Amino acid sequence: MPQGQPSVVPDDGLTTRQRRNRPLVVVHTGIGKGKSTAAFGLALRAWNQGWPIGVFQFVKSAKWKVGEENALRVLGASGEGGTVDWHKMGEGWSWVQRDAQMDNEEKAREGWEQVKRDLAAETYRLYVLDEFAYPMHWGWVDTDEVVEVLRNRPGTQHVVITGRNAPDKLVGFADLVTDMSKVKHPMDAGQKGQKGIEW
1 MPQGQPSVVP DDGLTTRQRR NRPLVVVHTG IGKGKSTAAF GLALRAWNQG
51 WPIGVFQFVK SAKWKVGEEN ALRVLGASGE GGTVDWHKMG EGWSWVQRDA
101 QMDNEEKARE GWEQVKRDLA AETYRLYVLD EFAYPMHWGW VDTDEVVEVL
151 RNRPGTQHVV ITGRNAPDKL VGFADLVTDM SKVKHPMDAG QKGQKGIEW
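In UniProt numbering, the protein residues as written are 1 to 199.
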């Protein structure tokens, strides 16, 4: 197992083991492709460790069949790793199509309320809040409340949040932030998304 050396050892009173095992808030943001894909990669690692996983999709349609969902559901039901629950909060909206805004705002708030209940109950060890940066960016869910709830979550629950335009307060609070930048994309040359790559 690779042994990384931290550049700073904080004077926080924790042992090396306690500091290593503290729960993280992870944010994948930026305009580049791969934010959700990276989060689902973390979910695969968590599944392998036997952790219960909760995936909450805040933007993708309930009708959208993504490959990661099928794969993680099969793995979760296999009995070989952790369990996987998949929750879809959207009704077919996305960051490029925001019709029926009132209903979408309500769904986003309902989804966040469910996440809060699950965090309080310590339902999962890993939470993937896919595309959750958007409801905060649009003001549908209060970023200050999100940060406060995450700061005070009990136990050893890891949370990964994806989506463009992650609010500065969330970025400042998170333990690990990756900004996906786009260097080049097939869409720049007029190519639409394809099976096995986008879904």
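All residues carry an ideal CB built from backbone N, CA and C; glycine is no exception. Quick caveat, the model's predicted, so the values are computed rather than measured.
- In the DSSP assignment, Gln18 falls within the unbroken alpha helix (DSSP H) covering Thr16 to Arg20.
- Contact between the region 46-61 and the region 73-91 is present: 3 or more CB-CB pairs across the two stretches fall below 8 Å.
- In the same chain as Val177, and ignoring 5 residues on each side of it, the C-beta atoms closer than 6 Å to its own belong to Val27 and Val171, in chain order.
- Val26 carries a strand assignment under DSSP once its states are collapsed to helix, strand and coil.
- Taking 8 Å as the cut-off, the Cβ atoms of Arg125 and His158 count as close.
- An exposed status is given to Pro154, since fewer than 16 other beta-carbon atoms sit within 10 Å of its beta-carbon.
- Below 8 Å, too few C-beta pairs join the region 36-44 and the region 187-195 to call them touching: fewer than three.
- Residue burial is scored here from C-beta neighbours: Ala121 has fewer than 16 other C-beta atoms within 10 angstroms and is therefore classed as exposed.
- For the 8 Å CB-CB criterion, Gly30 and Met180 form a contact.
- Annotated as distal: Ala133 and Thr156, with beta-carbon spacing of 8 Å or more.
- For Phe58, there is no enclosing beta strand (DSSP E), as DSSP gives it neither H nor E.
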